[in-house]
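Here's the structure, in structure tokens; my notes come after.
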Amino acid sequence: MSKLPPLNSLKAFEAAQRHMSFQKAAEELFVTPAALSYQIRQLEEHLDTRLFHRLNRAVELTHEGKVIATGVEDSFNLLKQTMTRLQRSKDASVLVISAGPAFTSKWLAPRLYRFLARWPDIDVRISASLKKADLTIGDVDVGLRFGSGNYEGCTSVKLLEECVTPMCSPSLVSGSTPISEPVDLAKHTLIHDDTHINSGMFSLPDWKQWLEKAGVAGVVDAEKGTHFDIADHSLDAAIAGAGVVLGRTVLADGDIKAGRLVTPFDLRLKAEYAFYVVFAETRTNEKNIKRFTDWVSEEARGIVDANVLAPAV
1 MSKLPPLNSL KAFEAAQRHM SFQKAAEELF VTPAALSYQI RQLEEHLDTR LFHRLNRAVE
61 LTHEGKVIAT GVEDSFNLLK QTMTRLQRSK DASVLVISAG PAFTSKWLAP RLYRFLARWP
121 DIDVRISASL KKADLTIGDV DVGLRFGSGN YEGCTSVKLL EECVTPMCSP SLVSGSTPIS
181 EPVDLAKHTL IHDDTHINSG MFSLPDWKQW LEKAGVAGVV DAEKGTHFDI ADHSLDAAIA
241 GAGVVLGRTV LADGDIKAGR LVTPFDLRLK AEYAFYVVFA ETRTNEKNIK RFTDWVSEEA
301 RGIVDANVLA PAV
């Protein structure tokens, strides 16, 4: 057999094996279940083999179905990547950047105007998500990631190391229950940044570890307090005076410099991971990726173009 099966039959099979449901596959492809079933029967007749076991309310791949499933799915993914790259080559002015929500709002967004001023012809699109984008398929050009720096098929450039330390509003430090020693934290609400726990992608030192290093683990209860699953929300709560957050120094950099947050103690715990700019190895020489990588590396080192003024508020 040398003739390829009809494309619609392959599309129907790929969707059905992915969903393990003719109904859901039909909905995705905007056809009726009967039409989808007919397309799969066409493929089975073409291959002269059964691909699915039809059960009462479900389907299962046969051995032969499993054999071709991976190849068909990979082929459609490759086709999608090729089309994406073609579109990118036609629209070379677009740069899609993936970053975590907190890093985007607290670090990247306040600085991005300087990149746009340097390269006004580049249209930047930010995808802010904790989900790690697959940089090898072409949907996203560059990733800003907090992690180990080891990403298969990708090049990583280290930007910033992260530390955690207690942070709070200046009003809390000098308020009715001032904060001058770690033991004073017992009189205040501890704010927990649980982003790393909920994402499951990285780890950070927590209040228990910091209090132990500070020598007050038996005095201050590390378990109590308010928990947030997004890092910038925990910082915003601390800015509002809701308590003391074990904050991340990179994310809080702007708030500390602006005086919205203060760090009452010198003790900082270094995180195991760091921030990296990441892109596919195959795209190392693309000019817009290089431009962004160079710029964000300069920003991380504190090299700022003084001639570029911040937008008027």
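Letter by letter, the sequence shown follows residues 1 to 313 of full-length UniProt numbering.
All C-beta atoms in this analysis are idealised placements derived from N, C-alpha and C, irrespective of residue type, glycine included.
These numbers come from a predicted model, not from an experiment.
For residue i, count neighbouring Cβ atoms within 10 angstroms of its own Cβ and tell me buried if that reaches 16, exposed if not.
i	result
alanine 238	buried
phenylalanine 30	exposed
leucine 40	The amino acid occupying residue 40 in the given sequence is isoleucine; leucine does not appear at that position. So isoleucine 40 ends up on the buried side.
aspartate 266	exposed
isoleucine 97	buried
valine 117	Strictly speaking, residue 117 in this sequence is alanine, with valine absent from that position. That one is exposed.
aspartate 48	exposed
histidine 192	buried
threonine 104	buried
threonine 32	exposed
asparagine 56	exposed
valine 296	buried
serine 203	exposed
serine 234	buried
serine 9	buried
leucine 185	buried
glutamate 223	exposed
glutamate 121	Note that residue 121 is aspartate in the sequence shown here, rather than glutamate. With fewer than 16 other Cβ atoms within 10 Å, it is exposed.
leucine 159	buried
tyrosine 113	exposed
arginine 145	buried
So what does DSSP say about residue i, is it helix, strand or coil?
i	result
phenylalanine 103	helix
leucine 172	helix
valine 250	coil
tyrosine 276	strand
proline 5	coil
histidine 126	It should be noted that the sequence gives isoleucine, not histidine, for residue 126. Of the three classes helix, strand and coil, the one that applies to isoleucine 126 here is strand, per DSSP.
leucine 204	coil
aspartate 255	helix
threonine 70	helix
lysine 90	Reliability fails at lysine 90, whose pLDDT of 48 lies under 50, so the model's placement of it is uncertain and no value is given.
threonine 282	helix
histidine 227	strand
valine 245	strand
proline 264	coil
valine 96	strand
serine 180	coil
glutamate 162	strand
glutamate 60	strand
arginine 50	coil
So residue i and residue j are in contact, right, with Cβ under 8 Å, and what is the actual spacing, rounded?
i	j	result
threonine 189	glycine 243	3 Å
alanine 143	valine 278	Here residue 143 is glycine; the residue named in the question, alanine, does not match the sequence. Indeed they touch by this definition, with Cβ atoms about 4 Å apart.
leucine 61	leucine 51	7 Å
aspartate 294	lysine 106	Not really, about 22 Å apart at Cβ, beyond 8 Å.
proline 205	leucine 269	4 Å
alanine 102	leucine 251	5 Å
threonine 284	glutamate 162	About 26 Å separates the two Cβ atoms, so there is no contact after all.
leucine 135	phenylalanine 292	13 Å between Cβ atoms; not a contact.
leucine 172	glycine 225	Leucine 172 to glycine 225, Cβ: 14 Å. No contact.
alanine 58	serine 93	That belief does not hold up - the Cβ atoms of alanine 58 and serine 93 are roughly 47 Å apart, past 8 Å.
Which residues in the same chain as residue i place their Cβ atom closer than 8 Å to its Cβ, once the five residues preceding and following it in sequence are excluded?
i	result
proline 6	Gln39, Gln42, Leu43 and His46
alanine 214	Pro182, Phe265 and Leu267
serine 176	none
lysine 80	Ile137
isoleucine 289	Leu95, Asp141, Val142, Phe279 and Arg283
histidine 19	Ala25 and Glu28
Please go through the same chain and pick out, in chain order, the residues whose beta-carbon is closer than 7 Å to the beta-carbon of residue i, but skip the five residues on each side of it.
i	result
glutamate 14	Val72, Glu73 and Phe76
glutamate 281	Gly153, Cys154 and Thr155
glycine 259	Pro170
lysine 90	Since pLDDT at lysine 90 reaches only 48, below the 50 mark, its modelled position is unreliable, and the value read off the structure follows with that caveat. Nothing listed; no residue qualifies.
I want to check one thing, is the minimum distance from the CB of residue i to the heavy atoms of the ligand GTP below 8 Å?
i	result
alanine 109	This structure lacks the ligand GTP; in fact it carries no ligand of any kind.
Leaving out five residues on either side along the sequence, give the residues of the same chain with a beta carbon under 6 Å from the beta carbon of residue i.
i	result
lysine 3	none
phenylalanine 115	Trp295
Check your understanding: Any chance the stretch 125-137 sits against the stretch 260-276, with 3 or more Cβ pairs inside 8 Å?
Key -> With contact defined as three or more Cβ pairs closer than 8 Å, the stretch 125-137 and the stretch 260-276 are not in contact.
Review point. Pairing CB atoms from the stretch 151-166 with CB atoms from the stretch 241-255, are three or more of them under 8 Å?
Key: Flag = yes, the stretch 151-166 and the stretch 241-255 touch.
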